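So for the sequence shown, the numbering used here puts the first residue at 3; every next one is plus one. Inspection log for the structure reproduced underneath, given as structure tokens.
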Amino acid sequence: MSGAAWLKPLRHPRLWLALWWLALLAVVAVCLVPATDLPRTPPGGDKVEHFLAYFLLMASAVQVFAGRRALCLAAAGLVAMGVAIEFAQAGLTATRGGDVWDAVADLLGVLAGWALVRTPLRDLLLHLERRIAPGA
3 MSGAAWLKPL
13 RHPRLWLALW
23 WLALLAVVAV
33 CLVPATDLPR
43 TPPGGDKVEH
53 FLAYFLLMAS
63 AVQVFAGRRA
73 LCLAAAGLVA
83 MGVAIEFAQA
93 GLTATRGGDV
103 WDAVADLLGV
113 LAGWALVRTP
123 LRDLLLHLER
133 RIAPGA
């Protein structure tokens, strides 16, 4: 299967894929910057942030990737990334610590984002592209 076959028939699939990769890099960067550089959150608020970040990453993957195999790989990659970040926080940073509950929040966010496959929202980006530039 070629790289393009993994992507939905969007007008600019490589642009959307690049933006998805940039979002991945942004999440990694935010998770590894010193905690003192981040705004304080209420107790448990970081779990909500983890859930939302991974929900948005997976929901975006649902918009960009076509087919079950591509989405399974995206989901597995996101879960692995969440776990790896927790190990990196524990082992590579002085102001952050790994937290299994952060990884659980990441997993739940991925599952919630993946659930969009079963809704009409799975093709939201396709519909938006057609509306913005019909017939282009």
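For every residue, glycine included, the Cβ atom is placed at its ideal position computed from N, Cα and C. Small disclaimer: the values here were computed from a predicted structure and weren't measured.
Would L73 and V64 be called neighbours here (beta carbons separated by less than 8 Å)? The sequence position of residue 73 within the sequence shown is 71, counting from 1. The sequence position of residue 64 within the sequence shown is 62, counting from 1. Contact: yes.
What are the boundary residues of the alpha helix (DSSP H) that includes L123? As a working mapping, residue 123 is identified with position 121 in the sequence shown. No alpha helix (DSSP H) holds L123; DSSP gives it neither H nor E.
A24 bridges to which residues according to DSSP? Translated into positions along the sequence shown, residue 24 becomes position 22. Going by the sequence as given, residue 24 is Leu instead of Ala. According to DSSP, which records beta bridges pairwise, L24 is partnered with nothing at all.
What is the residue span of the alpha helix (DSSP H) that A114 lies within? Here residue 114 refers to the residue found at position 112 of the sequence shown. Element bounds for A114: 102-116.
Excluding five sequence neighbours on each side, which residues of the same chain lie with their C-beta closer than 8 Å to the C-beta of A92? The residue you call residue 92 lines up with position 90 of the sequence shown. The residues are R98, G99, G100.
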